[in-house]
Amino acid sequence: MFSISQEVVRIVREQILPYVEQLNCQVHQLKNGATLVDMGVYAPGGWLAGKLFVEATIGGLGHVDFGRFRLGQIDLPSIDVYIDHPATAGLSSQFSSWPLPRSEVPGTIHPMGSGPARAIARIDPFAQAWEYQDNHHETVFAIQAAVLPDEALAEEVARQCHISPQNLYILAAKTGSIAGSIQVCSRTVETSIWRLHKCGFDLHKVICGMGTCPVAPPASDEFQAMVRVNAAVIYGGLVRYVVNAT
Numbered sequence: 156m157f158s159i160s161q162e163v164v165r166i167v168r169e170q171i172l173p174y175v176e177q178l179n180c181q182v183h184q185l186k187n188g189a190t191l192v193d194m195g196v197y198a199p200g201g202w203l204a205g206k207l208f209v210e211a212t213i214g215g216l217g218h219v220d221f222g223r224f225r226l227g228q229i230d231l232p233s234i235d236v237y238i239d240h241p242a243t244a245g246l247s248s249q250f251s252s253w254p255l256p257r258s259e260v261p262g263t264i265h266p267m268g269s270g271p272a273r274a275i276a277r278i279d280p281f282a283q284a285w286e287y288q289d290n291h292h293e294t295v296f297a298i299q300a301a302v303l304p305d306e307a308l309a310e311e312v313a314r315q316c317h318i319s320p321q322n323l324y325i326l327a328a329k330t331g332s333i334a335g336s337i338q339v340c341s342r343t344v345e346t347s348i349w350r351l352h353k354c355g356f357d358l359h360k361v362i363c364g365m366g367t368c369p370v371a372p373p374a375s376d377e378f379q380a381m382v383r384v385n386a387a388v389i390y391g392g393l394v395r396y397v398v399n400a401t
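Residue numbers (this note's numbering): 156 to 401.
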């Protein structure tokens with residue numbers, strides 16, 4: 156069985172870390188050895204940072220591109236994903252369901268964790284809903300939060316994944332950043348594959364999925380940003396599946 160952690164670590168090492176300046180990102184080495192990449196918390200990030208954030212959170216299992224969303228006088232860029240293993244990419248990796256403590260910073264949302272680390276730890280019901288189990292000595296954890304995670308979080312993720320903190324890479328972006336908006340609005344296949352599962356459809360019959368969604372304009376207020384990205388996915392998202400079923 157392929158390892159999504161192995162693939163995403165390669166993405167981080169080869170496409171993100173060598174180009175942090177070009178991506179408008181910042182790298183921090185935590186005291187316990189974990190590598191933290193700020194892609195939109197305090198660093199500005201950008202379009203390419205958002206695209207790579209999405210590629211990392213879907214486990215490297217798809218193609219990510221930008222398009223255009225038009226509806227009446229609304230004209231926005233879109234984030235388009237093409238995924239060949241929708242259940243693994245969505246339920247085992249991209250779903251923001253890793254349990255995290257609430258932020259004590261006023262005016263911030265409850266932080267949410269995702270990424271291929273979930274497929275190793277499998278501590279949340281969404282990862283447990285699908286049979287995929289990753290096993291690798293390195294992994295990547297993604298967090299949607301308005302403040303950067305600390306050593307305590309890195310230690311907890313590493314412990315749950317049975318790896319050393321030195322082998323953990325953390326990607327972080329707040330909802331109101333451009334990368335944050337892109338990564339949430341990319342979750343069209345993720346949200347609908349879970350709905351298919353809840354409706355009783357056999358996910359083994361799903362061959363591949365494609366989703367498109369308008370990218371919500373960034374906002375400085377995290378609550379407003381969350382309303383915008385959720386509205387974009389719920390009302391502007393469109394998903395197509397290829398299935399082997401009658």
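No residue lacks a Cβ here, since even glycine has one placed at the ideal position from N, Cα and C.
Along the alpha helix (DSSP H) that carries residue i, what are the first and last residues, could you check?
| i | result |
| --- | --- |
| residue 347 | 343-353 |
| residue 160 | 159-166 |
| residue 335 | 333-340 |
| residue 390 | 377-391 |
| residue 308 | 306-316 |
| residue 275 | 272-276 |
Can you check which of these residues, the options, is closest to residue i by C-alpha distance?
| i | options | result |
| --- | --- | --- |
| residue 289 | 310, 299 and 278 | 278 |
| residue 188 | 380, 306 and 256 | 306 |
| residue 333 | 209, 364, 171 and 184 | 209 |
| residue 242 | 342, 186 and 329 | 342 |
| residue 190 | 352, 394, 164 and 178 | 164 |
| residue 286 | 297, 240, 294 and 303 | 240 |
| residue 177 | 207, 157 and 162 | 207 |
| residue 213 | 389, 365 and 370 | 365 |
| residue 202 | 171, 255, 186 and 325 | 171 |
| residue 231 | 182, 371, 265 and 379 | 371 |
| residue 400 | 274, 256, 360 and 388 | 360 |
| residue 275 | 357, 265 and 249 | 249 |
| residue 301 | 331, 314 and 280 | 331 |
| residue 266 | 395, 377 and 390 | 377 |
| residue 234 | 228, 221 and 226 | 221 |
| residue 183 | 156, 228, 205 and 304 | 304 |
| residue 358 | 193, 284 and 157 | 284 |
| residue 353 | 257, 383 and 280 | 280 |
Mapping the DSSP letters down to three states, classify residue i as helix, strand or coil.
| i | result |
| --- | --- |
| residue 243 | helix |
| residue 202 | helix |
| residue 257 | coil |
| residue 226 | strand |
| residue 321 | helix |
| residue 327 | strand |
| residue 175 | coil |
| residue 209 | helix |
| residue 249 | helix |
| residue 184 | strand |
| residue 216 | coil |
| residue 358 | helix |
Assuming residue i is part of the beta strand (DSSP E), what are its boundary residues?
| i | result |
| --- | --- |
| residue 294 | 294-299 |
| residue 282 | Residue 282 -> not in any beta strand (DSSP E); alpha helix (DSSP H) instead, spanning 280-283. |
| residue 362 | 361-369 |
| residue 268 | 267-269 |
| residue 190 | 190-193 |
Roughly how far, in whole angstroms, is the beta-carbon of residue i from the beta-carbon of residue j, given that I think they are within contact range, below 8 Å?
| i | j | result |
| --- | --- | --- |
| residue 155 | residue 323 | The chain is shown only over 156 to 401; residue 155 falls outside these bounds and no answer can be derived. |
| residue 393 | residue 367 | 5 Å |
| residue 325 | residue 362 | Not a contact, Cβ separation roughly 32 Å. |
| residue 348 | residue 245 | 4 Å |
| residue 309 | residue 226 | Wrong, their Cβ atoms sit about 42 Å apart, outside the cutoff. |
With hydrogens ignored, establish whether the beta-carbon of residue i is closer than 7 Å to any heavy atom of the ligand GDP.
| i | result |
| --- | --- |
| residue 248 | Absence of the ligand GDP is noted for the structure shown, with no ligands found whatsoever. |
Looking at residue j and residue i, is the spacing between their C-beta atoms short of 8 Å?
| i | j | result |
| --- | --- | --- |
| residue 270 | residue 295 | yes |
| residue 318 | residue 293 | yes |
| residue 328 | residue 196 | yes |
| residue 216 | residue 238 | yes |
| residue 211 | residue 166 | yes |
| residue 268 | residue 251 | yes |
| residue 224 | residue 369 | yes |
| residue 219 | residue 192 | no |
| residue 337 | residue 205 | yes |
Answer with yes or no whether the minimum CB distance from residue i to chain B is below 8 Å.
| i | result |
| --- | --- |
| residue 218 | Looking for chain B here will not work: only one protein chain is present. |
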